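The sequence shown begins at 16 in my numbering and counts up one residue at a time.
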Amino acid sequence: MGRYRGPIVKLCRREGVNLAETPKAQKYMERRPYPPGEHGQRRRRRISDYGVRLREKQKLRILYNMSEKQFANLFEEATRREGATGTVFLQLLERRLDNVVYRLGIAHTRRQARQFVAHGLIQVNGRRIDVPSYRVQVGDQIAVVEKAKKNPHIRQNVEERRRGKTPPWLDFDAETLTGSFQSIPAREDIVVPVNELQVIEYYSR
């Protein structure tokens, strides 16, 4: 299964979680707090244990905007590394360049961050990188390329994020549009609306 390219709000309503992580999607969900479709307002059937694990896996995959194969391969890598598999998996997800661009506030959503990277608007350590899954290392400098620094979408995103908070493992200079990946994030600093233990159980079945 490839990446989902349909309306993200539809998925948010189905999962009951704001996977778009935008105020607009949140407002839409509050107006229609039930799954999409003609039977959406009927009471939901009880989901099996397998169904619960599947839904958690799907939520996390959609949140990071990845294909099924990419996601499964990354999980497999996490199982081979030292440490708690769930935490290691989330750390690997957070180190994707598109996610870092989103966390820095350069992009409004991870989907937009993916586009920025794919279109060559982001550089790492002075080298343009157009691969969204590129893995950022501790100490890397992430910046908007010179020609894109006046991009109105990027400028608006940065202005809006000034009122927010940059995660503790990142540093960002809003004037130069340059950030740095300072450390591997601790589990308590990774905010996602998903129980990663259910994802582990899904792949362990």
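Beta carbons are placed, not taken as given, at the ideal position from N, Cα and C, and that holds for glycine.
Keep in mind that this is a model prediction, so the values were computed, not measured.
Going by beta carbon distance, what residues of the same chain come within less than 8 Å of I199, once the five residues before and after it are set aside?
Walking along the sequence shown from the start, residue 199 turns up at place 184. Same-chain partners within the cutoff: Q106, R110, V153, W184.
Hey, G120 and V173 are a contact pair by Cβ (cut 8 Å); roughly how many whole angstroms apart?
Counted from its first residue, the sequence shown places residue 120 at position 105. Counted from its first residue, the sequence shown places residue 173 at position 158. In this structure G120 touches V173 by the C-beta definition: roughly 6 Å separates them, less than 8 Å.
What residues in its chain sit with their C-beta under 7 Å from that of F90, if we drop five residues either side in the sequence?
Residue numbering aside, residue 90 sits at position 75 when the sequence shown is read from its first letter. These residues qualify, in order along the chain: F104, Y218.
Is V115 helix, strand or coil when you go by DSSP?
On the sequence shown, position 100 is the one that residue 115 refers to. Helix, per DSSP.
Round the Cβ separation of I137 and V160 to the nearest angstrom and send it over; I've been treating them as touching at under 8 Å.
Walking along the sequence shown from the start, residue 137 turns up at place 122. Walking along the sequence shown from the start, residue 160 turns up at place 145. For I137 against V160, the beta-carbon gap comes to about 7 Å, under 8 Å, which counts as contact.
Does the pairing of the region 186-193 with the region 74-94 give three or more beta-carbon distances under 8 Å?
No, the region 186-193 is not in contact with the region 74-94.
Please report the residue range of the alpha helix (DSSP H) in which G101 lies.
Position 86 of the sequence shown, counted from the start, is the residue given in the question as residue 101. In this chain, the alpha helix (DSSP H) harbouring G101 covers 100-109.
Could you name the residues that DSSP lists as bridge partners for A158?
What you label residue 158 is simply residue 143 of the sequence shown in a count that begins at 1. Q138, T193, per the DSSP bridge assignment.
Based on the DSSP secondary-structure assignment, which residues constitute the bridge partners of L185?
As a first step, residue 185 must be located in the sequence shown, where it is residue number 170. DSSP lists F196 as partners of L185.
So T94 is in the alpha helix (DSSP H); what residue range does that whole segment cover?
If you number the sequence shown from 1, residue 94 lands on position 79. Here the alpha helix (DSSP H) through T94 covers 83-95.
By alpha-carbon positions, which one of Q73, K84, V115, D64 ends up nearest to V151?
By one-based count along the sequence shown, residue 151 stands at place 136. Closest by alpha carbon: V115.
Going by C-alpha distance, which of D155, D204, T181 is nearest S195?
Along the sequence shown, one-based indexing puts residue 195 at 180. Nearest of D155, D204, T181 to S195, Cα basis: D155.
Apart from the five residues on each side of it in sequence, which residues of its chain come closer than 7 Å, Cβ to Cβ, to R125?
Your numbering for residue 125 matches position 110 in the sequence shown. The answer, listed in chain order, is Y79, N80, D113, N114, Y117.
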